[in-house]
Amino acid sequence: MRYKGKNMIDWQEQWAYFVRQWTNNGYKMFLRGLSNTCKIAILGLIIGIILGAVIAIIRVMPKYKLIPRILDKISAVYVAFFRGTPILVQLIIVHYILKPIFGFSVSSIIEAIIVFGLNSGAYVSEIMRSGINSVDKGQMEAGRSLGLGYWTTMVKIVLPQAIKNIIPTLGNEFIALMKDTSVVNIIAVDDLYRAFNLMGGSKYWYIIPYLVLAICYIVLVLIIAGLVKIIEKVMSKSDKKQEKNSKSKGFGKVSQKG
Amino acid sequence: MEEVVLKVENLCKDFGKEKVLKGISIDIKKAEKIVVLGPSGSGKSTFLRCLNCMEDPTSGSIIYEGEDLANFKVDINKHRQHIGMVFQHFNLFNNKNVIQNIMLAPVLIQTRELRKNRRKNFFIKVSNLFRKNKKPLIEINDTVAGIKKKNEEKAYALLKRIGLEDKALVYPSTLSGGQKQRIAIIRALAMEPKVMLFDEPTSALDPEMVGEVLELMKDLAEEGMTMVVVTHEMGFAREVANRVIFIDDGVIKEENSPKEFFSNPKDARLKDFLSKVL
């Protein structure tokens, strides 16, 4: 074997090694890692949206009474904590501090989903708040003037419009969340990063696996971005298009929604 | 013309340190049309918005059906159902089409009432098992589907009245200002209000479209609706109003019949105002 300089990389050999690793066991690890990553990101986002909506409404609520004021303070503390610490630290706190102390036995992936949900809840609440504030105040006033309650108007009128306004930002949040999942290997979750890390194998040849990893994330993000665009289009269509082509269909729709 | 619908007593409203309304008292009688005039910043819009507690009055009282709306403990939502309001910027629900806009509030409120009655009936039935003299059930003739159908028909009838039935399934963003405002008016009408409050209904419209909205308001006036209108349309005030009031600096400066009001103003500020407007 001819001597090669320190910085010379035998791409062919490395590629062959990677392919061998991939066909051997790697594709299974890849699929499991991919599913775990998607699970954490998607479920985290769903928890985040629900939590974020509730907290956003609490924070924009009129605060004449005591209970909304207390809830507001609690949610302010929650947002401050989850925005103020890195997600890595939050994962460590849950896994290495809270878990031993309280002795709950859940799998690492559920821990990760919960932490990501709580984390994105804090961010989504701020996004939602700006979304709710972006809806014309008159919409709430009109609902209230007809005798509807605050929550009814919020849920039926303001929130749907707010969500439509924040879809792009929410997509952004989802992309960030998806990429942030690469830190969950710290609590031993087999995510996408870990799958490619293992493919380095006994030779520690990481160059190609990590490049492929980067491409995987790029593809994932592009898919999400495409989906967000489609959703945006569908939602913006709904209020511009005149539904005159099928009157009976529209009529039925009205009755269902009320 | 004697029954008082809204009795306003010594109404005050502060925004922080700024006193906007400084004690307004007025009786609004049934079927009366009151037009409120005043320079901008005089508090006339605030006065109107206080009438249905869109702005909570700082002090004073608004007596409606024997209850004080300014009191926090009163269920304001219940009373607002019978106090229609029309806004300067229409405020149609952008995420609902026209027919949904009109139906939404009555359907929601009536179905809630229905569910409440059903719940009550259930408890009466359960407690009747242990009673000797049975308590009668609340009569329920409606179903959720029935309520929807009824309100849909009503909404179409209202749309027909303003000649916009073909716009029923269109979203508000495709309508002109005049159409929006007329739909906003019939949306308020769908709640069968006893009083209608108009907050500068024609100020955000093209001059061309002012006419159609005023026409609808005149129609309503002829039907005997009680109306309180904040407007800059002097012609409307002359033609329709029973009483014109002039608010300046948070107090009622002059209150008179339109004829007297325009031909024989007494207050100095009003004279100045009229000379500029007319």
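Chains A and B, in that order, give the protein sequences. Position 225 (the first sequence) corresponds to 385 in our numbering; numbering is contiguous. Position 58 (the second sequence) corresponds to 684 in our numbering; numbering is contiguous. For every residue, glycine included, the Cβ atom is placed at its ideal position computed from N, Cα and C.
Under the DSSP assignment, leucine 734 of chain B falls in the alpha helix (DSSP H) whose first and last residues are 724 to 754. B/Glu635 is the residue among B/Glu635, B/Arg745, B/Glu658, B/Lys844 whose C-alpha sits nearest the C-alpha of serine 651 of chain B. DSSP places aspartate 232 of chain A in no beta strand (DSSP E) but in the uninterrupted alpha helix (DSSP H) bounded by 226 to 244. Counting only residues of its own chain and dropping the five nearest sequence neighbours on each side, lysine 670 of chain B has a CB closer than 8 Å to the CB of Val662, Leu663, Gly664, Val856, Ile873.
The DSSP-derived three-state label of phenylalanine 888 of chain B is helix.
Secondary structure at tyrosine 797 of chain B: coil, using DSSP grouped into helix, strand and coil. Segment contact: the stretch 846 to 860 of chain B against the stretch 735 to 751 of chain B, fewer than three CB-CB distances shorter than 8 Å; contact not assigned.
Below the 7 Å Cβ cutoff, chain A contributes no neighbours of alanine 847 of chain B, its closest Cβ being approximately 20 Å away. Non-local C-beta neighbours of valine 796 of chain B in its own chain, meaning closer than 8 Å and more than five positions away in sequence, comprise Asn723, Val724, ordered along the chain. Residue burial annotation: isoleucine 200 of chain A is buried, with at least 16 other C-beta atoms found within 10 angstroms of its C-beta. Legend: CB atoms of the stretch 293 to 311 of chain A lying less than 8 Å from CB atoms of chain B belong to residues Asp296, Gly298, Gln299, Glu301, Ala302, Gly303, Arg304, Ser305, Leu306, Gly307, Leu308, Gly309. The shortest C-alpha to C-alpha distance from asparagine 279 of chain A to any of A/Leu371, A/Thr245, A/Ser362 is the one to A/Thr245.
The beta-carbon separation of leucine 191 of chain A and isoleucine 347 of chain A, rounded to 21 Å, does not stay under the 8 Å limit for a contact. The alpha-carbon separation between lysine 655 of chain B and lysine 758 of chain B amounts to approximately 48 Å.
In the pairwise beta carbon analysis, the stretch 797 to 814 of chain B is classified as not touching the stretch 767 to 775 of chain B: fewer than three pairs are separated by under 8 Å. Isoleucine 766 of chain B sits in coil when the DSSP states are folded into three classes, being neither helix nor strand. Taking a C-beta distance under 8 Å as the contact criterion, lysine 639 of chain B and proline 683 of chain B qualify as a contact pair. Scanning its chain for C-beta atoms nearer than 7 Å, with the 5 sequence neighbours on each side dropped, one finds around glycine 291 of chain A the residues Ala322, Ile323, Asn325, Ile326, in chain order.
Excluding its 5 nearest sequence neighbours in each direction, glutamate 392 of chain A has C-beta neighbours in its own chain below 7 Å: Ile327, Pro328, listed in chain order. For leucine 823 of chain B, the three-state secondary structure derived from DSSP is strand. As a beta-bridge residue in DSSP terms, lysine 645 of chain B pairs with B/Asp640.
Following the DSSP letters along the chain, one finds glycine 804 of chain B inside the alpha helix (DSSP H) bounded by residues 803 to 815.
Any Cβ of chain B closer than 8 Å to the Cβ of isoleucine 227 of chain A would place that residue at the interface, and such an atom is absent. With at least 16 other beta carbons inside 10 angstroms of its own, asparagine 345 of chain A counts as buried. For arginine 289 of chain A, same chain residues with a beta-carbon under 7 Å away, outside a window of 5 residues either side, are Ala216, Arg219, Val220 in chain order.
Secondary structure at methionine 288 of chain A: helix, using DSSP grouped into helix, strand and coil. Residue state for glycine 664 of chain B is assigned as coil, using DSSP reduced to three classes. Measuring C-alpha to C-alpha distances from leucine 205 of chain A to each of A/Gly331, A/Val315, A/Ala374 identifies A/Gly331 as the nearest.
Closest by C-alpha distance to phenylalanine 641 of chain B, out of B/Cys676, B/Glu629, B/Val630, is B/Cys676. Assignment of phenylalanine 190 of chain A by DSSP, reduced to helix, strand and coil, places it in the helix class.
Beyond the five residues adjoining it in sequence on each side, glutamate 838 of chain B comes within less than 6 Å, by CB distance, of Gly804 in the same chain, given in chain order.
Where tyrosine 177 of chain A is concerned, there is no enclosing beta strand (DSSP E), although the alpha helix (DSSP H) around it starts and stops at 171 to 181.
In terms of Cα proximity to arginine 243 of chain A, the closest of A/Lys363, A/Val284, A/Gly361 is A/Val284. B/Asp694 is the residue among B/Lys879, B/Asp694, B/Val712, B/Arg706 whose C-alpha sits nearest the C-alpha of lysine 633 of chain B. When 7 Å is used as the limit between beta carbons, lysine 879 of chain B is near no residue of chain A, the shortest such separation being about 28 Å.
What isoleucine 317 of chain A touches in chain B, judged by beta-carbon distance under 9 Å, is Phe719, Asn720, Asn721, Lys722, Leu730, going in chain order.
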